[in-house]
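Peer 1: First residue of the sequence shown: 1, per UniProt numbering; consecutive thereafter.
Pasting in a structure now, in structure tokens, and then I'll have a few things to ask.
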Amino acid sequence: MNWQQLEYFKVIAETQNYTTAADLLLVTQSALSKAISKLEEELEVHLFEKNGRNIKLTRFGSMFLKHAEAAIKEINDGIQELQNIINPMTGTVSISSLYTIGTHFIPTIISDFLKENPNVKFEFGINSTSSILEGLENGKFDLGFYDELENIEEYEKIESVPIKNDELVIIVPKNHRLADQSEVMLKDLKDETFALFSENIANKMCSIFRRAGIMPKTIVKPNESSMVVAGFVGAGLGISIIPNIPNLITDKVSVIRIKEPQCYRTIHMGWLKNAYITPAAEIFKNFVVAAASKTKI
Numbered sequence: 001m002n003w004q005q006l007e008y009f010k011v012i013a014e015t016q017n018y019t020t021a022a023d024l025l026l027v028t029q030s031a032l033s034k035a036i037s038k039l040e041e042e043l044e045v046h047l048f049e050k051n052g053r054n055i056k057l058t059r060f061g062s063m064f065l066k067h068a069e070a071a072i073k074e075i076n077d078g079i080q081e082l083q084n085i086i087n088p089m090t091g092t093v094s095i096s097s098l099y100t101i102g103t104h105f106i107p108t109i110i111s112d113f114l115k116e117n118p119n120v121k122f123e124f125g126i127n128s129t130s131s132i133l134e135g136l137e138n139g140k141f142d143l144g145f146y147d148e149l150e151n152i153e154e155y156e157k158i159e160s161v162p163i164k165n166d167e168l169v170i171i172v173p174k175n176h177r178l179a180d181q182s183e184v185m186l187k188d189l190k191d192e193t194f195a196l197f198s199e200n201i202a203n204k205m206c207s208i209f210r211r212a213g214i215m216p217k218t219i220v221k222p223n224e225s226s227m228v229v230a231g232f233v234g235a236g237l238g239i240s241i242i243p244n245i246p247n248l249i250t251d252k253v254s255v256i257r258i259k260e261p262q263c264y265r266t267i268h269m270g271w272l273k274n275a276y277i278t279p280a281a282e283i284f285k286n287f288v289v290a291a292a293s294k295t296k297i
């Protein structure tokens, strides 16, 4: 059984006439008859029977037609889906990012991109850095956005480029002694208790603290949700360092810039090396890189 036989069978069932079906399919009536005969031999049933000058489906033919139509529709839908994905003007881009990148940067860059490419669609998910990199290696999505990693060399299959720097700021409870300050020296925080939301930022800040001769106390095991940490801080359980993203700040905390040393996290975009990437994803990747080149990283 093959695709051609199913198509022939469907058209004959619709027209109930071999001559008409042959004209529609642009094949000879003889070729059409042979294809259906082979299909009936394989199925071991008769699909058609005479009905005056025309033909009609047998009981078996009516049963099989429902499945043939469903199979043809599934294949056509699959072909259309693939065409939509690889079409640079109407394709789909699959991306994944950290929560803190996905709530601000990703919506902004996608919005800018869609102004020039309004028919492109996006599939978007939130994951941890390790899950993003593993997903890229497994081909689950086209592009990933994450913090810098000290062990990025372990992911040899991933190509990664820096695209944006986010300033890191201090958040403190509204009743904290520093709540009214606009900026602070990191060394002035040596006696504070920290809740650090990201493993990557925690490692980076611990390294900075060590160079300053400070070993911060922590109360929250790092994860990827700064909103959880903001809740801890707002409740007076410590202070934290987070990216300076407006929609992550609540009315229960104050934001303080770090005067010295300058602290920031670098957002990276990654993709699987030497792997096929859809035209739409390639256009979006180049758009992000071009946008990054216009800003100082």
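A virtual CB, placed ideally from N, CA and C, is assigned to each residue, including glycine.
Would you kindly work out how many angstroms separate the C-alpha atoms of K164 and T266, rounded to a whole number?
Peer 2: 6 Å
Peer 1: Roughly how far, in whole angstroms, is the beta-carbon of A291 from the beta-carbon of I101, given that I think they are within contact range, below 8 Å?
Peer 2: At roughly 14 Å, the Cβ-Cβ gap does not stay under 8 Å, so A291 and I101 are not in contact.
Peer 1: Return the first residue and the last residue of the alpha helix (DSSP H) that G144 is part of.
Peer 2: From DSSP, G144 is part of no alpha helix (DSSP H) but of the beta strand (DSSP E) over L143 to D147.
Peer 1: Check whether the region 168-179 and the region 268-287 touch, using three or more Cβ-Cβ pairs below 8 Å as the test.
Peer 2: no
Peer 1: For a test of the three-state rule: what should DSSP assign to H46, helix, strand or coil?
Peer 2: coil
Peer 1: To the nearest angstrom, how far is the alpha carbon of K10 from that of D77?
Peer 2: 17 Å
Peer 1: Would you list the one or two residues that DSSP bridges to V161?
Peer 2: M269
Peer 1: Considering only the beta carbon of each residue, do N244 and D188 sit closer than 8 Å?
Peer 2: no
Peer 1: What does the Cβ neighbour count give for E224, buried or exposed, with the cut at 16 atoms within 10 Å?
Peer 2: Its pLDDT being 49, under 50, E224 is placed unreliably in this model, and the value from its coordinates should be taken loosely. Counting Cβ neighbours within 10 Å, E224 comes out buried, since at least 16 surround it.
Peer 1: Just verifying my parser: in three-state terms, what is the DSSP assignment at T278?
Peer 2: coil
Peer 1: Is DSSP giving T103 helix, strand or coil here?
Peer 2: coil
Peer 1: Look at the alpha carbon of L114 and the alpha carbon of A280, and state the distance between them as a whole number of angstroms.
Peer 2: 11 Å
Peer 1: Looking at the structure shown, is A291 part of a helix, part of a strand, or coil, going by DSSP?
Peer 2: helix
Peer 1: Quick one, are the C-beta atoms of F122 and I95 less than 8 Å apart?
Peer 2: Yes, Cβ-Cβ distance for F122 and I95 is below 8 Å.
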